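What follows is a single structure, written as structure tokens, with notes after it.
Numbering (my numbering), first residue to last: 16 to 124.
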């Protein structure tokens, strides 16, 4: 599989920065992940494909999720879900990507 530089044509830039991000994402293929888009919204699904052009990820069996945090519980929790099917998320839109363990009670309702 041939990769195309995302920023410029400097091979040192491509070798030192971009593959690191893509390699980290590719390790999560097949696992359930939570992609946080902003502090109140994200997508949860199985990471199926990591795309280089355009840079992004495909989630299968995805759900749009609403996240809420409180003063008492500052770590955002999923409070609502809506099935979305297969979803492509551009890397520019993702603030944080978390691996979700299948046994986590708050992860699957």
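Cβ coordinates follow ideal geometry from the N, Cα and C atoms, glycine included. This one's a predicted model, so the numbers in the text were calculated from it and none came from an experiment.
**Q.** Sequence-distant residues of the same chain with beta carbon closer than 8 angstroms to residue 8, five excluded per side
**A.** Look at the range of the chain in this structure, 16 to 124, and you will see that residue 8 is not part of it.
Q: Look at the Cβ atom of residue 73, then the Cβ atom of residue 103, and state whether they are nearer than 9 angstroms.
A: As a first step, residue 73 is located in the chain shown; it is residue number 58 there, counting from the start. As a first step, residue 103 is located in the chain shown; it is residue number 88 there, counting from the start. Yes, the Cβ-Cβ distance between residue 73 and residue 103 is below 9 angstroms.
(Q) Tell me the residue span of the beta strand (DSSP E) that contains residue 69. (A) Here residue 69 refers to the residue found at position 54 when the chain shown is read from its first residue. From DSSP, residue 69 is part of no beta strand (DSSP E); its letter is neither H nor E.
Q) Just the Cα atoms here: how many angstroms apart are residue 117 and residue 100? A) The residue given as residue 117 occupies position 102 in the chain shown. The residue given as residue 100 occupies position 85 in the chain shown. Residue 117 and residue 100: Cα-Cα distance of roughly 18 angstroms.
Q. Where residue 75 and residue 60 are concerned, what is the direct C-alpha to C-alpha distance, given to the nearest angstrom?
A. Sequence index remark: in the chain shown, residue 75 carries index 60 (1-based). Sequence index remark: in the chain shown, residue 60 carries index 45 (1-based). Spanning the alpha carbons of residue 75 and residue 60 requires a straight line of approximately 6 angstroms.
Q. So what's residue 80 in DSSP terms, helix, strand or just coil?
A. Translated into positions along the chain shown, residue 80 becomes position 65. For residue 80, the three-state secondary structure derived from DSSP is strand.
Q: Please check if any C-beta of chain B sits within less than 9 angstroms of the C-beta of residue 117.
A: In the structure shown, chain B cannot be found, because there is only a single protein chain.
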